[in-house]
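Structure, as C-alpha cells:
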Amino acid sequence: MEYLPKRYSATMKQENDREVIYDFKNGYCRLSLMNTIVENIKEIKKELGGNNWRVCFIPASTHIKTACRYQKLATFIEKETGIACDYHTIQPILDQESGHITGKKANPAENFTIKASDVAGKNIILIDDIITRGMTFMQTTDKLIRNGANMVRGLFLAKTINPDWVRHSA
Numbered sequence: 001m002e003y004l005p006k007r008y009s010a011t012m013k014q015e016n017d018r019e020v021i022y023d024f025k026n027g028y029c030r031l032s033l034m035n036t037i038v039e040n041i042k043e044i045k046k047e048l049g050g051n052n053w054r055v056c057f058i059p060a061s062t063h064i065k066t067a068c069r070y071q072k073l074a075t076f077i078e079k080e081t082g083i084a085c086d087y088h089t090i091q092p093i094l095d096q097e098s099g100h101i102t103g104k105k106a107n108p109a110e111n112f113t114i115k116a117s118d119v120a121g122k123n124i125i126l127i128d129d130i131i132t133r134g135m136t137f138m139q140t141t142d143k144l145i146r147n148g149a150n151m152v153r154g155l156f157l158a159k160t161i162n163p164d165w166v167r168h169s170a
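In case it helps, the UniProt record's numbering puts the sequence shown at residues 1 to 170.
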C-alpha cells in the first residue's frame, strides 16, 4: 500500500488505503490485512531460512495505543505462523504525544525499552504501520542488534508517498 498524507488530494484508492491505515492505527486490523501480513512473514522466513524467528512491533506513542494496535494481530500472527510474536517485546518507556502532532524526534528508539531475553539470538521481523524515511526502523534495528538480535527484517503496511518529492527531468 501507499500512504499519501492528508494534506494532499487523493484518488479513491489512496483514500481507501488511508482508511485501512487509520483503522489499523486505531486498533482495527481487517482480516484481509492480517492474512496479507502473515503471508509476507511466511515469505520472509522462507526466503531467509533459518530458525529462531520472532516478530516484533515498533511501538505506538503510548502503551495503550501499542496494545490496542498490536494485541490481536500478535495473537493472529503467532497462531498462523508458529513464530513467537509479542507486542510487549518493544515498549515505549514514557507515553508521549504522537509524532505527527509534536514533530518527529531525532531518535524515537531512545524512548523504547527492549526485552533482551526476547530478542537475543533471534532473527527479527519488525513490523510498523508506515515507513517514510526509515529512520525509526533503522534506529530500532540498531537497538535490537545491540540487545543481541542476529538480524532484523522490516515489514510495513504502507510506504509514504509525497508529490513534493517527485523529481522532474529536464
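Glycine included, C-beta positions come from ideal geometry on N, C-alpha and C.
Predicted model, so just to flag it, every value in this text is computed and none were measured.
{"Check": "When burial is assigned at 16 or more other CB atoms within 10 Å of the CB, is R54 buried or exposed?", "Outcome": "buried"}
{"Check": "Is A109 helix, strand or coil by DSSP?", "Outcome": "helix"}
{"Check": "Return the chain-ordered ranges of every alpha helix (DSSP H) run that is complete within the segment 27 to 78 and spans a minimum of 4 residues.", "Outcome": "31 to 48"}
{"Check": "Can you confirm whether the segment 15 to 27 touches the segment 74 to 81 when touching is taken to mean that 3 or more C-beta pairs between the two stretches lie within less than 8 Å?", "Outcome": "no"}
{"Check": "Using beta carbons (cut-off 8 Å, strictly below), is D128 in contact with chain B?", "Outcome": "Among the chains of the structure shown, chain B does not appear; only one protein chain is present."}
{"Check": "Among N40, F112, N26, R30, which one has its Cα closest to the Cα of I90?", "Outcome": "F112"}
{"Check": "Give, in chain order, every unbroken run of the alpha helix (DSSP H) that is at least 4 residues long and sits entirely within the segment 113 to 167.", "Outcome": "116 to 119, 135 to 146"}
{"Check": "To the nearest angstrom, how far is it from the Cα of M34 to the Cα of A116?", "Outcome": "27 Å"}
{"Check": "Provide the residue(s) that pair with I21 in DSSP beta bridges, ordered along the chain.", "Outcome": "Answer by DSSP bridge pairing: none, since I21 is not bridged."}
{"Check": "Around the C-beta of T66, are 16 or more other C-beta atoms found within 10 angstroms, so that it is buried, or is it exposed?", "Outcome": "buried"}
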